[in-house]
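Enquirer:
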Amino acid sequence: MVPLSWYLVFAAALFSIGMFGVLSRRNAVAILLGIELMLNAVNINLAAFWRYGDVRLMTGQVFAIIVFAVAAAEVAVGLALVISVYRNRHTVVADEIDMLKW
Amino acid sequence: MSFWNDPLKVAADWLLGVFTGWGMPELAANILIGFLGILILISLLMVLDIGLVWVERKVVARFQDRIGPNRLGPFGLIQPFADIIKLMIKEDITPAGADKVIYNIAPMLSMMSVLILWAVVPLAPAILGVDLNIGVLYIIAAGSIGTLSIIMAGWASNNKFALIGAFRQVAVMISFEVPMLATMLIPTILAGSMGTAAIVEKQDIWYVLLAPLGALIFLIAAIAELGRAPFDLAEGESELVSGYNIEYSGMKFGMFYAGELLHAFTFGGFWAILFFGGYRFFGLEKVSPFLAIAVILFKAFIGYWLIMWVRYTLLRIRIDHMLAFNWKFLTPLAFTLIMVTALMNALLAGAPAWLYIAGMFLSNIVVAWGALEIARFYSRRERERIEGKQVVAAGH
Amino acid sequence: MNPWIFVGLFFVVGLLIPVGAIGIAWLLGPKKPNPIKQSVYECGIETVGESWVQFKAQYYIFALVFLVFDVETVFLFPWAVKLGALGLFAVIEGIIFVLILVAGLVYTWRKGMLEWA
Amino acid sequence: MTGEQIVFLVVAFFTLAAGFMVVTTRNLVHAALWLVAALFGVAVTYVTLHANFLAVVQVVVYIGAIAILFIFAVMLTRRDMRDQGPQMNKNWWLGALLAVLTFGGLYFLLQGWEGMTKTATSYPVSFDAISELGSALVSPVGYVLPFEVASVLLVAALVGAVYVAFNPRNGDTRK
Amino acid sequence: MTTETLIWLIPLPPLLAFFLIVLFTNKSKALSHTIGVGAAALSFIGSMVVFVRALGVEHLGESPFESAVNWLPTGDTWFRIGVLIDPLGAAVLFFVAITILMIFLYSVGYHNYGQPAGDHDVKGLPPHGATITDEHGHKHVVPSVEPMYSRFFAFLGLFAFGMYTLVVSDNLLTLFVGWEIMGLCSYLLIGFWYGKPSARDAAVKAFMTTRIGDVFMLLGIAFLYSATGTLTFREIFTEETLHALASTPAWFGMTTSGFIALLLFIGTVGKSAQWPLHVWLPDAMEGPTPVSAMIHAATMVSAGVYAVIRMFPLLTADYTGHGLTVTMSIVAFIGAFTALFAATIAVAQNDIKRVLAYSTISQLGYMIAALGIGAYVAAAFHLITHAFFKALLFLGSGSVIHGMEHGVLHTGNHHVDPQDMYNMGGLRKKMPITFWTFLIGGFALAGFPLVTAGFWSKDEILADAFGHGHLAVFVTLAIAAFLTAFYTMRQITLTFLGEPRTEEAKHAQETPWTMTTPLIVLAFFAVTYGWVGIPEHFPLLGGLVPNWFHEFVGSTLAEHPEAIEFNPIPLLTSIGVAGGGLILGWLYYRNVKSVSEDKFQIPLLKNKYYFDEAYNFLFVKPAYWFAENIVYKFLDKGVIDGILHAFGPFTQGTGSALRNYIDLPVINRAIGDGSAEITYWFGGKLRAIQTGRVQQYLMLALVTFIVIGAALYFFVLA
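Those protein sequence lines, which keep their order, are chains A, B, C, D and E.
According to the working numbering, the first sequence is numbered sequentially starting from 1.
According to the working numbering, the second sequence is numbered sequentially starting from 1001.
According to the working numbering, the third sequence is numbered sequentially starting from 2001.
According to the working numbering, the fourth sequence is numbered sequentially starting from 3001.
According to the working numbering, the fifth sequence is numbered sequentially starting from 4001.
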């Protein structure tokens, strides 16, 4: 049997990889890709805790589903912002979007 | 238990005996048996696919008042095999600027997305690949992989036409996925399960009687999902040459082509499963599993034939009309239908069967009629607006 | 035994068959590439510019609307499965859910975002 | 080492490798496709956890919708930023350090927790997680409010995204 | 529907109305007021049903309607919020529901619904009137409809939601939430005509002043929560909890309960405009009159008193029956002092609404004083009767102003202040309904013996003060009562009696039915509500009707308060001061023809004891002064430049050598430029982290998070 720790460490690793992407990529779309990885890592934890706890309590799965919705909303709005910035400033490099306004 | 009553189990048991006799652990033997079974199923499907090439060509010929393949073998039956050989020995050209890995993966994914669909097709009672309790969603999930393969093919080809074709195709596929998902909810509501096997088993009354409008919307969405006429704008020979697969040749093109045909046939099957009782036909399925398989294949063929009929009869629709049709008509209609179905289902829960059927059927008809009236009203207004404008323009 | 093993097998076989077919074709077919053969096919006319054409933002809009509807419809599946056992209250909840969804569609529609042009 | 463990390790390794490619590969379309691979790996992880519904939803939502959206967005914005030029900002080493520290910290914290080595009880045979999920989502004592709020959230996201990206007043759009 | 469910639902319609109006019906005036009044009516019906059901319950005090849900998980326990209707709540709900509905209805007429839009009206200013042409071709100026009509109803709805929340909540936290919503709404509504600088200033003043009290109140709530672990009234008011609180000493010689009660009371001082935080209320008259009535009579200021009544067990937890506790003494002092102090100011005010504003402050002081001496029922009784007659008076004054504005529009002389009582006179013939209802309200306020509600409630307070031997309070309140009667009669005489003093007053007009109906309804209650609380031992009348109010509201407390023995002295005092004040007021003011003849225009009173000026001098000016002198002139010009300048002559005197060696390098460079350079250097260094790049922010946040997390782990957990 796979112990819980494997899932948690796996999720932690995926989370850290995603975080690296968020912190280090220059392209705003790539940053959002990193965020997706982080959200997925969280979801693995939720599903693992559901499975390793009492399976009749659906909290973990419900939470994971809500995270799906949040991820969808995040992608929709995030990419819309990127496209909006691109149309106005012709750049998608996060470092160049530092005016805090326009 | 005789072979004719449950062939799958008998064969599996026999093979299990053989393999464990060789000293194989039981789990490994089971997996091996599954592998063999799936290999056989998929090989048969590929053969069927080759047959579909002939059927398609023959049928289109009849629709277009031609004869179709007639030289090789009786009725040209050998023709598709000759085609296969030709595809096999053709040179495989990869365009210069292509992204090689993705370019090569795309056709395989395209074929795979169709083949894995058969995991949840119940061929007869107790004969199906896997009885997943999320079967309906699995169909959509497999479709997602198909969508992905198209965008990969279009992007990797390094060709404007391919990319535009892929984009259009994907836009259409994802758009029509919404009404499709929505209409898949209807059998789910009626059967109380997402499993395809359970949906078939619960269909004492064919769901087409309970949700005729749902069946119709599903068929339309499926045709769009398949990218066949009248929704085949990705191909658009006159403007995009052939769409996303323009740069493909040889067997890779063959994969897209065969995948498309099999996909159409498979969706004919799903239409039968979700709305026409699957392998059930007035108790015939209980006689023998082979009869049940024959029934579902027959129903799938009818669905496939209908799809072909539509394809070779109607003209291609422009992309803006098509998306407008989906988002402004089909999607709201599908969601209205879900609400009505759920509501009627709850309200008629305790009613006698005839009342239940009549209620559901009539509610569908009323929704369809209302939708058509509203559409007619708006299109008339639109037409008057445009014509009014033209009159003004002419006046100047 | 987990039924998903067979799903995995379907994936494996589903990949093996096309891989095999393409592999055989690759073995059998001639391999004589030349630049003309490998050039981009645009019906024989020389290609102009790069294949990276600017796309309409409308594609993104439809993908966006699709994403939202996809997620929401997927949410409805557990609801649909349990609907028979839950009664009218659950039906009304689902209807509210769908109506909120439709409100989003109406907004997008009214904003003219569903127009292709 | 049992079969399950092997499967898990293979999937986890594949997912992490794909994730690593997502954050390091230069070509953004490739990054998006690697993301698809990583997300597929996560879907398989859900399967190993018996979370069927989550697994298909993962494929339908992430691969079928979110990945497509990403690819569309890349195609719409890629004009000025080809694969040339640095893909990492100049503080990437700090990001890497922080990621490693986060992982180390999480590992350290988890290690000290007694629940770590817990193994799952066998999955109840007749347990129908989907139908449980259905009742959890709509029952008043369950999660009906999050369920409805999720709908509101998504509609808000739709409205917001449409407004932000394609408001005609919001830039030189719609030529 | 169970009563508990109904109670939950009562606050919701106005909130829903707020959102509906703001989001959807903003454009339609008719729809907006329909929704607003409809919502108020729904809440009203709900409240009445609850009230009637509450009457039917035996021992409602012991087993009130209550229902609670888990809200915030606090470790192992839950913070629960819920609703509670006990006798006090029911009685308060009754008057709140009626007055809110009446005020909603009144607003329709007040904002000239149905009139044309004004010619030059702009948002943020009161409407100026519109010119219409009748069928004969004559041009008339008629009142024009308020440009922000819908917004007004939205705000009123939110306000009503806050008040209902406050009344039905079973714990201090949701009470505070309702309290703060009302604070926000009062800011929005006082500043409704934001185009007027005076309205803007008044709104800010009201908001800031009440905030001072609210901060203390929040401190009190936090203290209470940390001391008891709960904020639910019925859990706090158990014998053990109260005893524990009362026996724990806190600071300044007070017990914990006394200290908490004092903190909460400061919140009330702000909200109910008690001295020394009373200054905002008169200025708040800048808002539309329904707002004045809503905020300053029926609801918000009453809410302050209501909170103290609610917390009465806490206030008296350490009260043994002889000798007031420190907190109670403070409360009693502030109440009595405010009552007298505000009454004296009211005598010298000429603005019809300002008189009422000071009168409100004074009457609230009455209630506070009553609570300070432990007269629970009397305070609650006066709270309710006062709400009825003060709402009536405010709405009546609004009606008068409205009528006067009609006159102003007629003559076209916009320099005439329609709110100045010296511009009125003789309005009884022009506006009979307004006159009679105003008269009833005024007499109730003055405490006209036997028939009016004000008499019974005021009398009970005086009797309580006398009966318990708090003579100082008794005398102060009696004087205040006399003044009350006096200025009330002054107001009535100047406004309605005699002959019109201006052309405008001659052309004043009675107001539409939407405005007069509320007046009549409120007038009814202003008279009759007193009869439910006639003391049993009252001569002749006592015992005719049972002293229902005392029994009913008194049962809220665990120990039912004893009714006071009848004593003729307070009764006679009460009748004497009321009658005397009224008669004197009439006798004096019937002969006063103009402001100059008014002998009571004493500058000290006229200027409200210079409190605004004093606060300006004590707080506002110093703040400006600090900014101007300390920060700007002293630190910047004085210290930095000044050092240079001061050293200049000195170095000139001692020679340029010193200048070159000390001034330039040390003072100028090191201190003068040096400090600037250090600042610049720090700025430059800090600017590096303010790049606008979101990833760097994230990194910084993460670094901080990891450092803090690690530090926490190693130093706290490990």
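Positions of the beta carbon are idealized from the N, C-alpha and C atoms, including for glycine.
I'd like the ranges of any alpha helix (DSSP H) spanning at least 4 consecutive residues and lying wholly in the stretch 1208-1271 of chain B.
Expert: 1212-1226 and 1237-1240
Enquirer: List, in order along the chain, the chain D residues whose C-beta lies closer than 9 Å to that of Y66 (chain A)?
Expert: In the first sequence, the residue the question calls residue 66 (chain A) occupies position 66. Reading off the sequence shown, one finds Ile at residue 66 (chain A), where the question assumed Tyr. Residues of chain D passing the Cβ test: Y3143, P3146, F3147, V3149, A3150 and L3153.
Enquirer: Does the distance from the C-beta atom of G103 (chain A) to that of A47 (chain A) stay below 8 Å?
Expert: Since the first residue of chain A shown is 1 and the last is 102, residue 103 (chain A) is not available in this structure.
Enquirer: Residues of chain A with CB closer than 9 Å to the CB of F2075 (chain C), please, in chain order.
Expert: Taking the first residue of the third sequence as 1, we reach residue 2075 (chain C) at position 75. Near F2075 (chain C) (Cβ distances below 9 Å), the residues of chain A are I65, F68 and A69.
Enquirer: Note down, in chain order, each residue of its chain lying with its Cβ closer than 6 Å to the Cβ of G4183 (chain E), except the 5 sequence neighbours on either side.
Expert: Position 183 of the fifth sequence, counted from the first residue, corresponds to residue 4183 (chain E). Closer than 6 Å at the Cβ level, and outside the excluded window around G4183 (chain E), lie T4210.
Enquirer: Which class does V3141 (chain D) belong to by DSSP, given the choice of helix, strand or coil?
Expert: Stepping through the fourth sequence from its first residue, residue 3141 (chain D) is reached at position 141. Residue state, collapsed to three classes: coil.
Enquirer: With distances taken Cα to Cα, identify the nearest neighbour of D4318 (chain E) among E:V4269, E:K4271, E:N4350 and E:T4256.
Expert: Along the fifth sequence, read from residue 1 onward, the residue named residue 4318 (chain E) stands at position 318. Nearest of E:V4269, E:K4271, E:N4350 and E:T4256 to D4318 (chain E), Cα basis: E:T4256.
Enquirer: So, using beta-carbon positions, are A69 (chain A) and V2071 (chain C) closer together than 8 Å?
Expert: What you label residue 69 (chain A) is simply residue 69 of the first sequence in a count that begins at 1. What you label residue 2071 (chain C) is simply residue 71 of the third sequence in a count that begins at 1. Yes; because the gap between Cβ atoms is below 8 Å, this pair is in contact.
Enquirer: Nearest-angstrom Cα distance between V1018 (chain B) and F1035 (chain B)?
Expert: In the second sequence, the residue the question calls residue 1018 (chain B) occupies position 18. In the second sequence, the residue the question calls residue 1035 (chain B) occupies position 35. Distance between the alpha carbons of V1018 (chain B) and F1035 (chain B): 15 Å.
Enquirer: When Cβ atoms are compared, which residues of the stretch 3020-3032 of chain D fall closer than 8 Å to chain E?
Expert: none
Enquirer: How is the beta strand (DSSP E) around G4082 (chain E) delimited, first residue to last?
Expert: Here residue 4082 (chain E) corresponds to residue number 82 of the fifth sequence, with the count starting at 1. It spans T4077 to I4085 - the beta strand (DSSP E) in which G4082 (chain E) sits, taken as one unbroken run.
Enquirer: Using three-state DSSP, classify H4140 (chain E) as helix, strand or coil.
Expert: As a first step, residue 4140 (chain E) is located in the fifth sequence; it is residue number 140 there, counting from the start. Here H4140 (chain E) sits in strand by DSSP.
Enquirer: Cβ atoms of A1171 (chain B) and G1154 (chain B): under 8 Å apart, would you say?
Expert: For this step, residue 1154 (chain B) is matched to residue 154 along the second sequence. For this step, residue 1171 (chain B) is matched to residue 171 along the second sequence. No, the Cβ-Cβ distance between G1154 (chain B) and A1171 (chain B) is not below 8 Å.
Enquirer: Ordered along the chain, which non-local residues of its own chain (more than five positions away) have a Cβ less than 7 Å from that of A1256 (chain B)?
Expert: In the second sequence, residue 1256 (chain B) corresponds to position 256, counting from 1. Here residue 1256 (chain B) is Phe; the residue named in the question, Ala, does not match the sequence. Excluding positions up to five away in sequence, the list reads P1107, S1110, N1245 and Y1248.
Enquirer: Within the same chain, show all residues whose beta-carbon is closer than 6 Å to that of A4370 (chain E), passing over the 5 residues directly before and after it, in chain order.
Expert: Along the fifth sequence, one-based indexing puts residue 4370 (chain E) at 370. Cβ within range, chain order: A4378, A4379 and I4461.
Enquirer: Would a C-beta distance cut-off of 8 Å place P1230 (chain B) and I1317 (chain B) closer than the cut-off?
Expert: Locating residue 1230 (chain B) in the second sequence gives position 230, where the first residue counts as 1. Locating residue 1317 (chain B) in the second sequence gives position 317, where the first residue counts as 1. For P1230 (chain B) and I1317 (chain B), yes; Cβs fall inside 8 Å.
Enquirer: Give a yes or no on whether 8 Å exceeds the smallest Cβ distance from V42 (chain A) to chain D.
Expert: In the first sequence, the residue the question calls residue 42 (chain A) occupies position 42. Not closer than 8 Å to any Cβ of chain D, the Cβ of V42 (chain A) fails to qualify, so no.
Enquirer: Taking 8 Å as the threshold (C-beta atoms), are I4010 (chain E) and Y4110 (chain E) in contact?
Expert: Numbered from its first residue, the fifth sequence carries residue 4110 (chain E) at position 110. Numbered from its first residue, the fifth sequence carries residue 4010 (chain E) at position 10. Result no, Cβ atoms of Y4110 (chain E) and I4010 (chain E) do not sit closer than 8 Å.
Enquirer: Would you mind stating whether G4213 (chain E) and V4269 (chain E) have Cβ atoms separated by less than 8 Å?
Expert: Taking the first residue of the fifth sequence as position 1, residue 4213 (chain E) is located at position 213. Taking the first residue of the fifth sequence as position 1, residue 4269 (chain E) is located at position 269. It is a contact, given that the beta carbons lie within the stated cut-off.
Enquirer: Exposed or buried, what is L3153 (chain D) when buried is set at 16 or more other beta-carbons lying within 10 Å of its beta-carbon?
Expert: Indexing the fourth sequence from 1 puts residue 3153 (chain D) at position 153. By the 10 Å Cβ count, L3153 (chain D) comes out buried.
Enquirer: If you compare alpha carbons, which of B:D1006, B:L1190 and B:E1091 is closest to I2022 (chain C)?
Expert: Here residue 2022 (chain C) refers to the residue found at position 22 of the third sequence. Looking at the Cα atoms, B:E1091 is the closest of the given residues.
Enquirer: How long is the line joining the alpha carbons of I4100 (chain E) and F4619 (chain E), rounded to whole angstroms?
Expert: The residue labelled residue 4100 (chain E) in the question sits at position 100 within the fifth sequence. The residue labelled residue 4619 (chain E) in the question sits at position 619 within the fifth sequence. Those two C-alpha atoms are separated by around 36 Å.
Enquirer: Candidates B:S1157, B:L1045, B:K1058 and B:I1105: which alpha carbon is nearest W1118 (chain B)'s?
Expert: For the purposes of this step, residue 1118 (chain B) is taken as the residue at position 118 of the second sequence. Here the closest residue by C-alpha is B:L1045.
Enquirer: On the DSSP letters alone, give me the boundaries of the alpha helix (DSSP H) that A1300 (chain B) sits inside.
Expert: As a first step, residue 1300 (chain B) is located in the second sequence; it is residue number 300 there, counting from the start. Unbroken alpha helix (DSSP H) run through A1300 (chain B): P1289 to T1313.
Enquirer: Measure the beta-carbon distance from A4480 (chain E) to L4582 (chain E) and round it to whole angstroms, keeping in mind my assumption that it falls under 8 Å.
Expert: Taking the fifth sequence and counting its residues from 1, one reaches residue 4480 (chain E) at position 480. Taking the fifth sequence and counting its residues from 1, one reaches residue 4582 (chain E) at position 582. Between L4582 (chain E) and A4480 (chain E) the Cβ distance is about 15 Å, and since that is not below 8 Å, they are no contact.
Enquirer: Find out if the Cβ-Cβ distance for the pair V77 (chain A), N27 (chain A) is shorter than 8 Å.
Expert: In the first sequence, residue 77 (chain A) corresponds to position 77, counting from 1. In the first sequence, residue 27 (chain A) corresponds to position 27, counting from 1. One thing to note: V77 (chain A) has its Cβ no nearer than 8 Å to the Cβ of N27 (chain A).
Enquirer: Would R1062 (chain B) be called buried (16 or more neighbouring beta carbons within 10 Å of its own) or exposed?
Expert: In the second sequence, residue 1062 (chain B) corresponds to position 62, counting from 1. Exposed is the call here.
Enquirer: Where DSSP assigns a beta bridge to L4072 (chain E), which residues make up the other side?
Expert: Numbered from its first residue, the fifth sequence carries residue 4072 (chain E) at position 72. In the DSSP output, where bridge partners are listed per residue, L4072 (chain E) has E:F4079.
Enquirer: Thinking C-beta only, is L4125 (chain E) closer than 8 Å to K4027 (chain E)?
Expert: Along the fifth sequence, one-based indexing puts residue 4027 (chain E) at 27. Along the fifth sequence, one-based indexing puts residue 4125 (chain E) at 125. With contacts defined by Cβ atoms closer than 8 Å, K4027 (chain E) and L4125 (chain E) do not form a contacting pair.
Enquirer: Within 10 angstroms of the Cβ of E4677 (chain E), are there 16 or more other Cβ atoms? Answer buried if so, exposed if not.
Expert: The sequence position of residue 4677 (chain E) within the fifth sequence is 677, counting from 1. By the 10 Å Cβ count, E4677 (chain E) comes out exposed.
Enquirer: For G4157 (chain E) versus F4018 (chain E), is the C-beta distance shorter than 8 Å?
Expert: Along the fifth sequence, one-based indexing puts residue 4157 (chain E) at 157. Along the fifth sequence, one-based indexing puts residue 4018 (chain E) at 18. Against a cut-off of 8 Å, the Cβ pair of F4018 (chain E) and G4157 (chain E) comes out as a contact.
Enquirer: Scan the stretch 4130-4187 of chain E and note each continuous alpha helix (DSSP H) run of 4 residues or more that stays entirely inside, going in chain order.
Expert: Within the stretch 4130-4187 of chain E, the complete alpha helix (DSSP H) runs of at least 4 residues are 4149-4168.
Enquirer: Short check: CB of L4324 (chain E) to CB of L4231 (chain E), under 8 Å?
Expert: The residue you call residue 4324 (chain E) lines up with position 324 of the fifth sequence. The residue you call residue 4231 (chain E) lines up with position 231 of the fifth sequence. Not a contact, by the Cβ cut-off of 8 Å.
Enquirer: For a contact meaning CB atoms closer than 7 Å, what does L2067 (chain C) contact in chain D?
Expert: Position 67 of the third sequence, counting from 1, holds the residue named residue 2067 (chain C). Using a Cβ-Cβ cut-off of 7 Å, L2067 (chain C) is close to A3065, I3066 and L3069 of chain D, given in chain order.
Enquirer: With burial defined as no fewer than 16 other Cβ atoms inside 10 Å of the residue's Cβ, what is the status of F3013 (chain D): buried or exposed?
Expert: Within the fourth sequence, the letter at position 13 stands for residue 3013 (chain D). Classification for F3013 (chain D): exposed.
Enquirer: So, are the CB atoms of F3127 (chain D) and V3138 (chain D) less than 8 Å apart?
Expert: Start at 1 with the first residue of the fourth sequence, and residue 3127 (chain D) comes out as number 127. Start at 1 with the first residue of the fourth sequence, and residue 3138 (chain D) comes out as number 138. For F3127 (chain D) and V3138 (chain D), no; Cβs fall outside 8 Å.
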